[in-house]
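Counting in full-length UniProt numbering, the sequence shown runs from 1 upward without gaps.
One structure below.
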Amino acid sequence: MERPLLVYTTFPDADTALALGEVLVRERLAACLNVLPGMRSVYAWKGVVERGEEVVALIKSREALAEPLIAALKRRHPYETPVILTLPVGAEPATLAWLVAETGGTPA
């Protein structure tokens, strides 16, 4: 049985996130990428506390695609070390069916 996957990552700006999202959707590694602009971050990087403005991207996919999706993100992401958090989640049946259909999976 297919299981949904939500991937959380950040980008320097919405255009970069949307461009990469389009690639992931076209390659059927993701059914959708949502971009949430206006995030302000405080983070530690190489021993220094930094502040910056970023956007959040939430990627809707399925667990079976986790490895190729992460590999594609790492290859194309502009950050040296992108934050990529994978979150297994539940889904309403029609949402799961759409997600599976759009990512080339086998319906349950």
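Where a beta carbon is used, it is the ideal one built from N, C-alpha and C, also for glycine.
Source: prediction; values computed, not measured.
Chain-order list of residues whose beta-carbon lies under 6 angstroms from that of residue i (same chain, five-residue window excluded)
i	result
CYS32	LYS60
LEU20	ARG76
Counted within 10 angstroms of its Cβ, other Cβ atoms place residue i as buried (16 or more) or exposed
i	result
ARG62	buried
Span separating the alpha-carbon of residue i from that of residue j
i	j	result
ILE70	PRO12	18 angstroms
GLU54	GLY104	31 angstroms
ALA91	ARG3	8 angstroms
Rounded distance between the beta-carbons of residue j and residue i, thought under 8 angstroms
i	j	result
LEU87	LEU24	The Cβ separation is near 16 angstroms, so there is no contact.
ALA97	ALA57	No, ALA97 and ALA57 are not in contact; Cβ-Cβ is about 23 angstroms, not under 8 angstroms.
GLU27	ALA72	7 angstroms
ALA66	VAL35	Not a contact, Cβ separation roughly 21 angstroms.
Cut-off 8 angstroms between Cβ atoms - residues of its own chain near residue i, not counting five sequence neighbours on either side
i	result
LYS74	PRO82 and ILE84
Minimum length 4: unbroken alpha helix (DSSP H) runs contained in the segment 32-81: 66-76
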